[in-house]
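Asker:
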Amino acid sequence: MFRALLVQYAHPGGAMLRYPDINVARGDALLMTGPSGCGKTTWLHLVAGLLRMHGGQLWIDETVLAPTRVALVPQVPHLIGSLSVVQNLAAASFAAKRAFDEARAMQLLEAVGVVQLHARKPSELSRGQAQRVAIARALVNRPDVLLADEPTASLDDEAAAAAIQLLVSQAAAANAALVIASHDGRVKPLFDATLALQPVSGEPVGAVA
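With the first letter of the sequence shown counted as 1, position 66 gets the number 1224 in this note's numbering; the numbers rise by one all the way through.
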C-alpha cells in the first residue's frame, strides 16, 4: 500500500498547499483530476523527490518511501537524443545506481510494443512511440510507485485510451501503485478511483470517488 499523508508544500512567496491523504494499493490505479494550476504536477514532483515537502509522510507498505522507489513518466518523454532506445533504459538504471538488466529492458520494450525499435534514436520515434519508451524506462528499475503526468496530452481518443490501458496494465504487472494526474475528461471513465483537486490556494480539496 502506498500512502501519502498530510503532504504540504509552498511555492516561494505562495500559500501553503495542503493535499488530501492518498492511499493506493499495489497494483491499483488512482486518477488525480483538476484544472491546470490546482497542484497536480506539484504533488507528483513531491512524491518523486523532485521537490522537497514542507510537511507530510510517504509510505510504501510499512516502510518510508525512498525517492529511488518512485518512477515518473513526464508529460514530455525527455529521452536522451544521443542514446538508442535501450540505452535510454540503461541510463535510467545507471542514474539510480542500479545494475542494468538488459533482459528485463527488452521484455519491457516488448510489453509496450516497441521492442523492434530498441536500436533507434529518439529522433526516429513518433510521439506515441517515445511515450511507450518512457513508460518502459520508468519501469526498468522495478519501482514501488509509478506516477504519470498528463499522459494523454495531444493524443487522439484511441491513442489516449491505449496509453492509459498500457500504464494500468504495466503497473499491475510490476505490482506498483499507479497515480495518474490529468485534466483530460476523456480518461475519467477508465478509472474506478479518482481524486479531484480544487484550485483553492492553501486548501486543495480532495474527493475520492
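Heads up, the beta-carbon is just placed ideally off N, CA and C, and yes, glycines get one too. Predicted model only: the values in this text are computed from it and were never measured.
By Cβ distance, which residues of its chain are closer than 7 angstroms to V1345, with the 5 residues on each side in sequence left out?
Answerer: L1189, T1310, A1318 and I1322
Asker: State the Cα-Cα distance for the pair S1194 and A1288, rounded to the nearest angstrom.
Answerer: 24 angstroms
Asker: Exposed or buried, what is P1347 when buried is set at 16 or more other beta-carbons lying within 10 Å of its beta-carbon?
Answerer: exposed
Asker: With a threshold of 7 angstroms between beta-carbons, can S1312 be considered close to chain C, or not?
Answerer: The structure shown contains no chain C; it holds only a single protein chain.
Asker: Please report the residue range of the alpha helix (DSSP H) in which I1293 lies.
Answerer: R1285 to L1297
Asker: When you compare only the Cα positions, how much space is there between A1367 and G1213?
Answerer: Confidence in A1367 is poor, its pLDDT being 37 and thus under 50, which makes the residue's placement unreliable; the coordinate value appears in the next sentence. So the two alpha carbons sit approximately 25 angstroms from each other.
Asker: Report the partner residues of T1191 according to the DSSP bridge assignment.
Answerer: A1354
Asker: Are the CB atoms of L1275 and A1306 within a distance shorter than 7 angstroms?
Answerer: No. Outside cutoff.
Asker: Curious, which full-length alpha helix (DSSP H) runs of at least 4 residues does the segment 1196-1276 contain?
Answerer: Listed in chain order, the complete alpha helix (DSSP H) runs (minimum 4 residues) inside the segment 1196-1276 are 1198-1206, 1243-1253 and 1260-1269.
Asker: According to DSSP, is D1124 helix, strand or coil?
Answerer: Any question about residue 1124 goes unanswered here, given that the chain covers just 1159 to 1367.
Asker: With a CB to CB cut of under 6 angstroms and the five nearest residues on each side skipped, what residues in its chain are close to A1365?
Answerer: Confidence is the limiting factor: at A1365 the pLDDT is only 42, short of 50, which leaves the residue's position unreliable and the question unanswerable from this model.
Asker: List the DSSP bridge partners of M1174.
Answerer: A1168
Asker: Cβ atoms of R1227 and A1335: under 7 angstroms apart, would you say?
Answerer: no
Asker: For a test of the three-state rule: what should DSSP assign to V1368, helix, strand or coil?
Answerer: Outside the shown range of the chain (1159 to 1367) lies residue 1368, about which nothing can therefore be said.
Asker: What separation, rounded to the nearest whole angstrom, lies between the Cα atoms of L1313 and R1278?
Answerer: 22 angstroms
Asker: Count the other C-beta atoms from every protein chain shown that fall within 10 angstroms of the C-beta of N1333, then say buried if there are 16 or more, exposed otherwise.
Answerer: exposed
Asker: Keeping to the same chain, check which residues put their C-beta closer than 7 angstroms to that of P1225; ignore five residues upstream and five downstream.
Answerer: A1206 and G1207
Asker: Can you give the Cα-Cα distance for A1257 and G1286, rounded to whole angstroms?
Answerer: 28 angstroms
Asker: Can you tell me whether DSSP reads L1348 as helix, strand or coil?
Answerer: helix
Asker: Where L1163 and C1196 are concerned, what is the direct C-alpha to C-alpha distance, given to the nearest angstrom?
Answerer: 18 angstroms
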